[in-house]
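No gaps in the numbering here: position 85 of the sequence shown is 84 in numbering that gives the first Met the number 0, and each next residue is one more.
Step one of this worksheet: look at the structure below.
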Amino acid sequence: MTLEIMTETPFKGVIEFYHAIERFERYCSMCKNSVDKDKKVSYILGAIKNLDIAYSEYLENFPLIFPTREGIKPIFLSLETKTEELKESFEAQLRSLDKDEINKYLILLNKIKHNCTVEKPCEYEELVGDIGKLRELARDVKEVTEKLYLEDFLDLTKKRLKEAAEDPEKFKSMFPLPPKPLEMEYRG
């Protein structure tokens, strides 16, 4: 019996983090270029909302964000997983968590969050560097996550195709048949 942790589950928050950063940037750009006061307010509200999403996803997922950026793959757990493999995986993840770097991005998010308000116009020029650093982190994480997904799904597909070639009956059982009275009609 094998217990697997699906790849998409832990990465959901990581993916949402970089999507929120991308949406924040779009709203920020529209706000900066807008002259209409009402539109500007709606863009600011959209930017704030996405910054809040990025902020919460960052706080919840930095233990995955930084290892992912380092190229450390989350380990698949099964009954056959050796304790030594788990230990090595967790140690690699722990090494990638630099407290100063985690705090640096948290400070950047806070600084941007406090400068993006409806009450006062933001000093965008002062934030360009900070937004750039945040964008770089999000881009790095996105690229590595997409690569990990492709590798994992490719490996899984290869494994399933190999199993199907070795045992066609087992492969057929993956596709459930309708109840008995319909079986002949379904097969015919």
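Here a beta-carbon is modelled for each residue, glycine too, at the ideal position from N, C-alpha and C.
Query, Result
"Buried/exposed call for Phe152, threshold 16 Cβ in 10 Å", "exposed"
"Test item: CB-CB of Ile130 and Glu15 under 8 Å", "no"
"Local Cβ density within 10 Å of Pro167, reported as buried at 16 or more and exposed below that", "exposed"
"Secondary structure of Val34, DSSP reduced to three states", "coil"
"Euclidean distance between Cα positions of Met29 and Tyr42", "7 Å"
"Residue interval of the alpha helix (DSSP H) (run including Lys98)", "Lys98 to Asn114"
"Residue range of the alpha helix (DSSP H) that includes Asp166", "Unbroken run through Asp166: none, as it is neither H nor E."
"Alpha-carbon to alpha-carbon, Thr156 and Glu87", "26 Å"
"Helix, strand or coil at Pro195 according to DSSP, with G and I counted as helix", "Residue 195 falls outside the range modelled here, since the chain spans only 0 to 187, and no answer is possible."
"Exposure label - Ala137; buried when at least 16 CB within 10 Å", "buried"
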